[in-house]
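The sequence shown begins at 0 in numbering that gives the first Met the number 0 and counts up by one.
We put the beta carbon where it would ideally sit given N, CA and C, even for glycine.
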Amino acid sequence: MAGMTVQQWKRSTASRLMDGSVDQSPDLDARLLLQNVTGLDHVQQILCSDQELTEEELSALETLVLQRLAHRPMAYILGSREFYGRDFHVDERVLIPRPDTEILVEQVLAFAGKLNKSKDLSIIDVCTGSGAIGITLALELGCQVTLTDISAAALEVAKANAERLGAKVTMLQGDLLSPAEGKYDIIVSNPPYLTQLWCDQVSKEVAWEPRLALDGREEDGLGLIRTLVQQSTEHLVQGGALFLECDYRQAPGVATLLGEHQFAEVGTARDLAFLERVVWGVLACTSS
């Protein structure tokens, strides 16, 4: 590899990634790996296409390429993933935030806007992982958000992200809403919801992510969601809402589940592929 220019390295690497059946964006991966090592952004890579890479740079790049050829996700290799316009640190301790989950955030923001509570709004993000959902809501709404996760390692990642982004959050470790006290206006969660069969069939990239963040328990993958829905009736104020992400094949069942647990105004929202991905319900007000 000695004496390779920026352009030569990008072409060679894109070809290697394509031959290795890594993904459908080998050119983008090559560009991002190069930027990670050299600091050259997209424009600079074009302007410096004939610049020779040093032996140290080539060695560092080769290490990253081998990781990618092993199907390690780019987000883990680069150590970050953009979510709702902000960069969040991610590693193998947490699930990688997906663009579809931004739909979940948008639905919560729309509901929060109707409450007119501003900084007095009480929100809890359950199964927070990297903290992408809860931290984004805290920053967008200017309020404090509680983050919970059963994984202490995941909460370390969320804490680091909150501190770096300047979000006001409270961390609680425990299973779903078990560590929470009091009631909230909004409970939001992208919980594990894959069936065991789906977990065994995930792509080579997804297989790098923590199974704890994928396996929803029970045969249909809805074990955690069932528990969370039941817990939410005790931790929501009347008129408060529960927002959940799930697989599109599970959305009708989750909507029915909410209807069976005192939730009214049950609705769904479609993801970027126009599949039902988000399900929510408002806790019905009961007469005293």
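- Per the C-alpha coordinates, the member of 232, 197, 204 positioned closest to residue 217 is 197.
- The DSSP-derived three-state label of residue 222 is helix.
- It is roughly 12 Å from the alpha-carbon of residue 31 to the alpha-carbon of residue 79.
- According to the DSSP assignment, residue 163 belongs to the alpha helix (DSSP H) that extends over 151-164.
- Beta-bridge analysis with DSSP links residue 280 to 241.
- Straight through space, the alpha carbons of residue 7 and residue 106 are spaced by roughly 45 Å.
- Runs of the alpha helix (DSSP H) spanning 4 or more residues and lying entirely within the stretch 4-79 occur at 5-18, 25-37, 41-46, 54-68, 73-77, in chain order.
- For residue 110, the uninterrupted alpha helix (DSSP H) run begins and ends at 100-114, by DSSP.
- Annotated as distal: residue 158 and residue 70, with beta-carbon spacing of 7 Å or more.
- If you check the CB distance, residue 125 and residue 175 come in under 7 Å.
- Taking C-alpha positions only, residue 155 is separated from residue 49 by approximately 42 Å.
- Residue pairing of residue 268 in beta bridges, as defined by DSSP: 277.
- In terms of CA proximity to residue 177, 233 leads the group 135, 52, 233.
- Going by DSSP, residue 256 is part of no beta strand (DSSP E) but of the alpha helix (DSSP H) stretching over 250-258.
- A distance below 7 Å separates the beta carbons of residue 92 and residue 152.
- Here residue 242 really is in contact with residue 187; their C-beta atoms are around 4 Å apart, less than 8 Å.
- The residue among 62, 60, 25, 149 with its C-alpha nearest the C-alpha of residue 128 is 149.
- In this structure, residue 247 and residue 210 do not form a Cβ contact; the two beta carbons are roughly 21 Å apart against a cut-off of 8 Å.
- A Cβ-Cβ distance of about 14 Å is found for the pair residue 168 and residue 179, leaving them out of contact under the 8 Å criterion.
- Rounded to whole angstroms, the Cβ separation of residue 257 and residue 278 is 7 Å, and the two are in contact under 8 Å.
- In the DSSP assignment, residue 263 forms a beta bridge with 281.
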